[in-house]
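For reference, the structure discussed in these notes is given below.
2 protein chains.
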Amino acid sequence: MGHDQTLERRDSDIDVSTMSEALGFRLRRAQLAVYQDFNEAFSAKGLRPADFAVLTVLNKNPGLKQSEVAEALGIQRANFVAIVDGLEQKGLAERRKSDTDRRVQSLFITEDGLAYLKEIRPIVQEHDDRISERLGGREARNLLSDLLLKLYESRDEE
Amino acid sequence: MGHDQTLERRDSDIDVSTMSEALGFRLRRAQLAVYQDFNEAFSAKGLRPADFAVLTVLNKNPGLKQSEVAEALGIQRANFVAIVDGLEQKGLAERRKSDTDRRVQSLFITEDGLAYLKEIRPIVQEHDDRISERLGGREARNLLSDLLLKLYESRDEE
DNA sequence: TATTGTTATACTCTATAACTATA
DNA sequence: TATAGTTATAGAGTATAACAATA
Chain A
1 MGHDQTLERR
11 DSDIDVSTMS
21 EALGFRLRRA
31 QLAVYQDFNE
41 AFSAKGLRPA
51 DFAVLTVLNK
61 NPGLKQSEVA
71 EALGIQRANF
81 VAIVDGLEQK
91 GLAERRKSDT
101 DRRVQSLFIT
111 EDGLAYLKEI
121 RPIVQEHDDR
131 ISERLGGREA
141 RNLLSDLLLK
151 LYESRDEE
Chain B
1 MGHDQTLERR
11 DSDIDVSTMS
21 EALGFRLRRA
31 QLAVYQDFNE
41 AFSAKGLRPA
51 DFAVLTVLNK
61 NPGLKQSEVA
71 EALGIQRANF
81 VAIVDGLEQK
91 GLAERRKSDT
101 DRRVQSLFIT
111 EDGLAYLKEI
121 RPIVQEHDDR
131 ISERLGGREA
141 RNLLSDLLLK
151 LYESRDEE
């Protein structure tokens, strides 16, 4: 293989570690890697990370306002409309107009949505296992999860 | 404030924690929050995270092939062209055609680029301090950085 | 007046294919 | 035949403004 002054330079030889923004860049790369694994696992199911997140929230918190779900997931309400549209078209979730405030759409998971969540549970589990394994175990995964939360939960108050 | 059956529901009351994909979603939200802080700090400077990352790599590793820098940062070479174009137009970095392999563009930071890095150092430091503070200290920051690396470095080999 | 959901739109980031020039 | 850089393009994701219905 041809190489001259660059010799056999591998990624690990390149000094990226000393930049402060390394953390931001590592966040970006880690998120890309995890989403890539998720998308490969669910490509056949046509399920995106956001779809799954919404279904999970609706499963645990039925009847939330559309804007509440959006905010809980850090998605702007304008961008959330298409996501709910998609889930409704697939029959996995549904909007119901609130009786007490006709502006509000309350969101619910459907029976099909529940069955779907049950069906994909093994795939979700395998995905999570792969991620945890890369980190060195479930304790490391939970530690990471806690640290990540600190990075944005404090900003919610501002 | 008007609320009916939803009462005074706050974000923290919504159960998002039990979904396995929470990790992926937390990664996404954390990355968004860190980038937002970076962009607010550098909006006046017109510097994006990727620009800063490239300058830092060139500073520590002068003469790398363009594709090597791209790969080190997890950016596809097609998308990397515009980034280098921008840095070159600002006079912060430059391409030099390799003598030994005329296909190769070797990348270097310029004198102006070095001065620029020095100039923005305090802003970078403050940004990093804010992030570290959210995490609870520099040790936590380094711990997080190590965990993030594990999420994507293993994938590089595949 | 303020809020909820919605539409429209623009901008950034990322992914893929194909081209060129060199090797 | 393969590689480095480039171009073009499409697709997500995200952000902002403005509107209708309702409070």
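Quick note, the sequences are listed as chains A and B, same order. If you read the first sequence in the UniProt record's numbering, its first letter stands for residue 1, the second for the next number, and so on. If you read the second sequence in the UniProt record's numbering, its first letter stands for residue 1, the second for the next number, and so on. Cβ atoms here follow ideal geometry from the backbone N, Cα and C, with glycine treated the same way.
What separation, rounded to the nearest whole angstrom, lies between the Cα atoms of residue i and residue j?
| i | j | result |
| --- | --- | --- |
| A:A78 | A:V54 | 15 Å |
| B:R121 | A:R28 | 22 Å |
| B:A115 | B:N59 | 11 Å |
| A:R95 | B:K150 | 40 Å |
| B:L64 | B:Q125 | 26 Å |
| A:S67 | A:G46 | 24 Å |
| A:Q31 | B:Q31 | 8 Å |
| B:V34 | A:E139 | 24 Å |
| B:R134 | A:R102 | 40 Å |
| B:S43 | B:L117 | 15 Å |
| A:A41 | A:G74 | 24 Å |
| A:T100 | A:T110 | 22 Å |
| A:N142 | B:V57 | 31 Å |
| A:P49 | B:G137 | 31 Å |
| A:D128 | B:V104 | 41 Å |
| A:A72 | A:E119 | 25 Å |
| B:S106 | B:E88 | 13 Å |
| A:N39 | B:F25 | 13 Å |
| B:S98 | B:L148 | 34 Å |
| B:Y152 | A:N61 | 33 Å |
| A:V84 | B:I123 | 40 Å |
| B:V69 | B:Q76 | 10 Å |
Using a C-beta cutoff of 8 Å, does residue i count as contacting chain A?
| i | result |
| --- | --- |
| B:S145 | yes |
| B:I131 | yes |
| B:G24 | yes |
| B:L73 | yes |
| B:R28 | yes |
| B:Q31 | yes |
Tell me, please, whether the CB atom of residue i is closer than 8 Å to any CB atom in chain B?
| i | result |
| --- | --- |
| A:K150 | yes |
| A:A140 | yes |
| A:E8 | The pLDDT assigned to A:E8 is 43, lower than 50, so where the model puts this residue is not dependable; a value taken from the coordinates is nonetheless given after this. Not one chain B Cβ lies under 8 Å of A:E8. |
Could you give the C-beta distance for residue i and residue j, rounded to a whole number, given that I count them as a contact under 8 Å?
| i | j | result |
| --- | --- | --- |
| B:S145 | A:A82 | So it is not a contact: roughly 35 Å between Cβ atoms. |
| B:D51 | B:I131 | Actually they are not in contact, since the Cβ atoms of B:D51 and B:I131 sit about 18 Å apart, beyond 8 Å. |
| A:F108 | A:A93 | 7 Å |
| A:D112 | A:G86 | With 8 Å as the limit, A:D112 and A:G86 do not qualify as a contact, their Cβ atoms being about 14 Å apart. |
- Message: To be precise: take each residue of the segment 37 to 56 of chain A, compare its Cβ to all Cβ atoms of chain B, and keep it if any distance is under 7 Å. Which residues remain?
- Response: F38, P49, F52, A53, T56
- When you check each C-beta in the segment 75 to 99 of chain B against every C-beta of chain A, which residues fall closer than 9 Å? S98, D99
- Task: Quick one: which unbroken alpha helix (DSSP H) runs of 4-plus residues sit fully inside the UniProt domain "HTH marR-type" (20 to 153) of chain B? Chain order, please.
- Result: 22 to 42, 49 to 60, 66 to 72, 77 to 89, 111 to 135, 138 to 153
- Message: Using a Cβ-Cβ cutoff of 8 Å, what residues of the segment 110 to 137 of chain B are near chain A? List them in chain order.
- Response: V124, Q125, H127, D128, I131, R134, L135, G136
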